[in-house]
Amino acid sequence: MSYHSHADLGGQDVPGAIVQEPEGEYFHGPWEPRVMALVVAMGPTGMSNIDMNRAARETLPNYRDLSYYEIWLAALEKLALQKGVLGDAPPPPPKQVLRADSAVAAIKKGFSASRPAVKPARFSVGDRVRTVGLQPQHHTRLPAYARGKLGVVERIHGAHVFPDTNALELGESPQWLYTVAFDARELWGESARAPHSVISIDAFEPYLEPA
Amino acid sequence: MSEHEHQHEQHEQRASSALELRVRALEARLTEKGYIDPAALDVLIDEYQTKIGPRNGAQVVARAWAHPEFRRWLLEDATAAIASLGFTGRQGEHMVAVENTPAVHNMVVCTLCSCYPWSVLGLPPTWYKSAPYRARAVQDPRGVLKEFGVELPQTTQIRIWDSTAEVRYLVIPQRPAGTEHLSERELANLVTRDSMIGTGLPTPAA
């Protein structure tokens, strides 16, 4: 079965205005904060990782028809069923349950994606690189608009959890992470709407080839 | 209210109460299975509704404007500099601060989902997660800025940061003119959420 993300929107022709919102207006229904908190609280249980969550969301067939918290809700329901947390049989025990007295400390600590590197970085700041061109048949974090494009390594962030394997539960397989900058004309051609702009992505080493 | 508007409103209310029931059912099931402690949800909601928000980021920017040493630290190691003000954790584990100048204007997006620096800006506004913003920010940044009422000189380079991994970006806007006499607290009041995403500019000095 082919993998299709409905969330890879950069550069697509999407009609509609960008509807602005005042600062401090976070929710548009009483159920939305509950969904936000459920998703945050499910993190420590170990049911899924952030990349599995993103994969579950971006493959929802009706992704584009849903509001963002509806997307979070539908993906949480989907994963909870898939992982046997919601089902007739008793679920696997949660790794950890977020409690009221430790919730603030847990979010203040966060979930670092940094991992020790297992090999030296292949690229240095200033190197010219080309992104790989193929769309893999699984979750990935190389946007379609930046595939097969020529860019320059601008920053190195150390080794981070690799979403492509982590989403498939194949392990964290840490990879070097780089900020790679592209000229707007490289991405959009000579008719680029803002020809003098520069666009960067954060790209894992397997997304890059020397150029 | 027209008949059509009335029907639309009724439809919205039905949809909202259906969602309300669905979320309540899910929470009850996850609680029953021992995965969720509802009291922890209340704490999280309070934290993100009243404590963690763009005023955190505004303090960071104001300090950078007021203290050259802090600004240097922020540009070199944003995670550590921001942590020194007590802002750490979820969706802010790997921070990078990028500074606007007359030559470069920075703007942040996540075209693949909704990555946003929660520890300094709180929960993202709906438009940041919306398809139009994610689609256009990388391709037509000047058009997007115009929708936000921002027009920059053609000589200013627009620099877009697409947050495609776990690094989160905070824009340090340019300090408004005529603010030399202001305290750090007063400076923070000029820093808007949108100016730290790059879709807006700080409030000019009164």
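Chain order of the listed sequences is A and B.
With positions in the first sequence counted from 1, the corresponding number in my numbering is that position plus 56.
With positions in the second sequence counted from 1, the corresponding number in my numbering is that position plus 1.
The beta carbon of each residue, even a glycine, is placed where N, CA and C say it ideally should be.
Treat the numbers as computed from the prediction; the structure is a model and nothing was measured.
TODO: Give the residues of chain A in contact with residue 135 of chain B, contact being defined as C-beta atoms less than 7 Å apart.
DONE: Walking along the second sequence from the start, residue 135 of chain B turns up at place 134. Residues of chain A whose Cβ lies closer than 7 Å to the Cβ of residue 135 of chain B are, in chain order, 65, 66.
Task: Beta-bridge partners of residue 159 of chain B, as assigned by DSSP - done: If you number the second sequence from 1, residue 159 of chain B lands on position 158. DSSP, once it has assigned bridges, lists B/106 as partnering residue 159 of chain B.
Open item on the list: Looking at the secondary structure, which residues open and close the alpha helix (DSSP H) in which residue 96 of chain B lies?
Closed with: One-based indexing of the second sequence puts residue 96 of chain B at position 95. It is not in any alpha helix (DSSP H) - residue 96 of chain B instead sits in the beta strand (DSSP E) that spans 95-100.
Open item on the list: Run through chain A and tell me which residues come within less than 9 Å of residue 60 of chain B, C-beta to C-beta.
Closed with: Here residue 60 of chain B refers to the residue found at position 59 of the second sequence. The premise fails here: residue 60 of chain B is roughly 14 Å from chain A at the closest Cβ pair, so nothing lies under 9 Å.
TODO: Give a yes or no on whether the C-beta atoms belonging to residue 241 of chain A and residue 141 of chain B are separated by under 7 Å.
DONE: The count along the first sequence starts at 1 and reaches residue 241 of chain A at position 185. The count along the second sequence starts at 1 and reaches residue 141 of chain B at position 140. It is not a contact, given that the beta carbons lie outside the stated cut-off.
Task: Start-to-end residues for the beta strand (DSSP E) that takes in residue 168 of chain B - done: Taking the second sequence and counting its residues from 1, one reaches residue 168 of chain B at position 167. Note, residue 168 of chain B: beta strand (DSSP E), 168-173.
TODO: With hydrogens ignored, establish whether the beta-carbon of residue 112 of chain A is closer than 6 Å to any heavy atom of the ligand GTP.
DONE: For the ligand GTP, the structure offers nothing, since it holds no ligand at all.
Open item on the list: Between the alpha carbons of residue 24 of chain B and residue 122 of chain A, how many angstroms are there, rounded?
Closed with: Mapped onto the second sequence, residue 24 of chain B falls at position 23. Mapped onto the first sequence, residue 122 of chain A falls at position 66. Going by the C-alpha atoms only, they are around 15 Å apart.
Open item on the list: Please list, in chain order, the chain A residues whose beta carbon lies closer than 8 Å to that of residue 115 of chain B.
Closed with: Indexing the second sequence from 1 puts residue 115 of chain B at position 114. Here the neighbours are 124.
Task: Nearest neighbour of residue 189 of chain A, chosen from A/171, A/108, A/109, A/200 [CA to CA] - done: By one-based count along the first sequence, residue 189 of chain A stands at place 133. Residue nearest to residue 189 of chain A within the set A/171, A/108, A/109, A/200 is A/200 (criterion: CA-CA distance).
- [ ] Taking residue 175 of chain B as the query, report the chain A residues whose CB atoms sit under 7 Å from its CB, ordered along the chain.
- [x] Residue 175 of chain B sits at position 174 when you count from the first residue of the second sequence. What residue 175 of chain B touches in chain A: nothing, since even the nearest Cβ is about 18 Å away.
TODO: Drop a sphere of 10 angstroms on the beta-carbon of residue 18 of chain B, count the other beta-carbons inside from all chains shown, and report buried for 16 or more, exposed for fewer.
DONE: Numbered from its first residue, the second sequence carries residue 18 of chain B at position 17. The residue in question, residue 18 of chain B, is exposed, as its Cβ has fewer than 16 Cβ neighbours within 10 Å.
Open item on the list: I want to see whether chain A comes within less than 7 Å of residue 158 of chain B, judged by CB atoms only; does it?
Closed with: Translated into the one-based positions of the second sequence, residue 158 of chain B becomes position 157. For residue 158 of chain B, the closest Cβ of chain A is nearer than 7 Å.
Task: Contact residues within the segment 74-85 of chain A, judged by C-beta distance below 9 Å to chain B - done: Within the segment 74-85 of chain A, the qualifying residues are 74, 75, 76, 77, 78, 79, 80, 81, 82, 83, 84, 85.
Task: Beta carbon proximity, residue 90 of chain A to chain B, threshold 7 Å - done: By 1-based counting over the first sequence, the position of residue 90 of chain A is 34. It does; some Cβ of chain B falls within 7 Å.
TODO: Inspect the beta-carbon positions of residue 233 of chain A and residue 206 of chain B and report whether they are closer than 7 Å.
DONE: Translated into the one-based positions of the first sequence, residue 233 of chain A becomes position 177. Translated into the one-based positions of the second sequence, residue 206 of chain B becomes position 205. No, the Cβ-Cβ distance between residue 233 of chain A and residue 206 of chain B is not below 7 Å.
Open item on the list: Quick check on the burial criterion: 16 or more other C-beta atoms within 10 angstroms. Buried or exposed for residue 95 of chain B?
Closed with: Position 94 of the second sequence, counted from the start, is the residue given in the question as residue 95 of chain B. Buried, by the Cβ-count rule.
TODO: Taking only beta-carbon positions, decide if residue 266 of chain A is within less than 7 Å of chain B.
DONE: Position 210 of the first sequence, counting from 1, holds the residue named residue 266 of chain A. Closer than 7 Å to the CB of residue 266 of chain A there is not a single CB belonging to chain B.
- [ ] Would you mind reading off the limits of the alpha helix (DSSP H) that contains residue 163 of chain A?
- [x] If you number the first sequence from 1, residue 163 of chain A lands on position 107. From DSSP, the alpha helix (DSSP H) with residue 163 of chain A extends over 159-165.
Open item on the list: Please confirm whether residue 199 of chain B has its beta-carbon closer than 7 Å to some beta-carbon of chain A.
Closed with: Walking along the second sequence from the start, residue 199 of chain B turns up at place 198. It does not: the Cβ of residue 199 of chain B has no partner Cβ on chain A nearer than 7 Å.
TODO: Inspect the CB distances between the segment 134-150 of chain A and the segment 122-142 of chain B and report whether three or more fall short of 8 Å.
DONE: Contact between the segment 134-150 of chain A and the segment 122-142 of chain B is not established, with fewer than three Cβ pairs separated by less than 8 Å.
Open item on the list: Strictly by DSSP, which residues pair up with residue 231 of chain A?
Closed with: Locating residue 231 of chain A in the first sequence gives position 175, where the first residue counts as 1. Partner(s): A/216.
- [ ] Using a Cβ-Cβ cut-off of 7 Å, state whether residue 150 of chain B counts as contacting chain A.
- [x] The count along the second sequence starts at 1 and reaches residue 150 of chain B at position 149. Closer than 7 Å: no.
Open item on the list: Please confirm whether residue 190 of chain A has its beta-carbon closer than 7 Å to some beta-carbon of chain B.
Closed with: For this step, residue 190 of chain A is matched to residue 134 along the first sequence. For residue 190 of chain A, not one C-beta of chain B is nearer than 7 Å to its own C-beta.
Task: Beta-carbon separation (whole angstroms), residue 211 of chain A vs residue 113 of chain B, contact threshold 8 Å - done: The count along the first sequence starts at 1 and reaches residue 211 of chain A at position 155. The count along the second sequence starts at 1 and reaches residue 113 of chain B at position 112. Wrong, their Cβ atoms sit about 19 Å apart, outside the cutoff.
Open item on the list: Just checking: is the beta-carbon of residue 51 of chain B within a distance shorter than 7 Å of some beta-carbon in chain A?
Closed with: What you label residue 51 of chain B is simply residue 50 of the second sequence in a count that begins at 1. No, no contact with chain A.
Open item on the list: Which residue wins for smallest C-alpha separation from residue 58 of chain A, given the options A/191, A/267, A/261, A/205?
Closed with: As a working note, residue 58 of chain A is residue 2 in the first sequence. Nearest option by C-alpha distance: A/191.
Open item on the list: Determine whether the beta carbon atoms of residue 37 of chain B and residue 61 of chain B lie at a separation below 7 Å.
Closed with: For the purposes of this step, residue 37 of chain B is identified with residue 36 of the second sequence, where counting begins at 1. For the purposes of this step, residue 61 of chain B is identified with residue 60 of the second sequence, where counting begins at 1. Cβ atoms of residue 37 of chain B and residue 61 of chain B: not closer than 7 Å.
Open item on the list: Checking 7 Å against the spacing of the C-beta atoms, do residue 199 of chain B and residue 108 of chain B come in under that value?
Closed with: The residue given as residue 199 of chain B occupies position 198 in the second sequence. The residue given as residue 108 of chain B occupies position 107 in the second sequence. Yes, they are a contact pair.
- [ ] Check the Cβ-Cβ distances between residue 112 of chain B and every residue of chain A, and say whether any is below 7 Å.
- [x] The residue you call residue 112 of chain B lines up with position 111 of the second sequence. It does; some Cβ of chain A falls within 7 Å.
Task: Whether residue 267 of chain A touches residue 185 of chain A by CB criterion (7 Å) - done: Residue 267 of chain A sits at position 211 when you count from the first residue of the first sequence. Residue 185 of chain A sits at position 129 when you count from the first residue of the first sequence. Yes, the Cβ-Cβ distance between residue 267 of chain A and residue 185 of chain A is below 7 Å.
Open item on the list: Once the 5 residues before and after residue 162 of chain B are set aside, which same chain residues still bring their CB inside 6 Å of it?
Closed with: Locating residue 162 of chain B in the second sequence gives position 161, where the first residue counts as 1. Sequence-distant partners of residue 162 of chain B (beyond 5 residues in either direction) whose C-beta falls short of 6 Å from its own C-beta, in its chain, are 109, 170.
- [ ] Sort A/178, A/195, A/158, A/97 by Cα distance to residue 62 of chain A and report the nearest one.
- [x] The residue given as residue 62 of chain A occupies position 6 in the first sequence. Taking only the C-alpha atoms, the option nearest residue 62 of chain A is A/195.
Task: Collapsed DSSP secondary structure at residue 17 of chain B in the structure displayed - done: Numbered from its first residue, the second sequence carries residue 17 of chain B at position 16. Three-state result, residue 17 of chain B: helix.
Open item on the list: Between the alpha carbons of residue 59 of chain B and residue 44 of chain B, how many angstroms are there, rounded?
Closed with: Indexing the second sequence from 1 puts residue 59 of chain B at position 58. Indexing the second sequence from 1 puts residue 44 of chain B at position 43. Straight through space, the alpha carbons of residue 44 of chain B and residue 59 of chain B are spaced by roughly 24 Å.
Task: Burial state of residue 106 of chain B, where buried means 16 or more other Cβ atoms lie within 10 Å - done: Indexing the second sequence from 1 puts residue 106 of chain B at position 105. Label assigned to residue 106 of chain B: buried.
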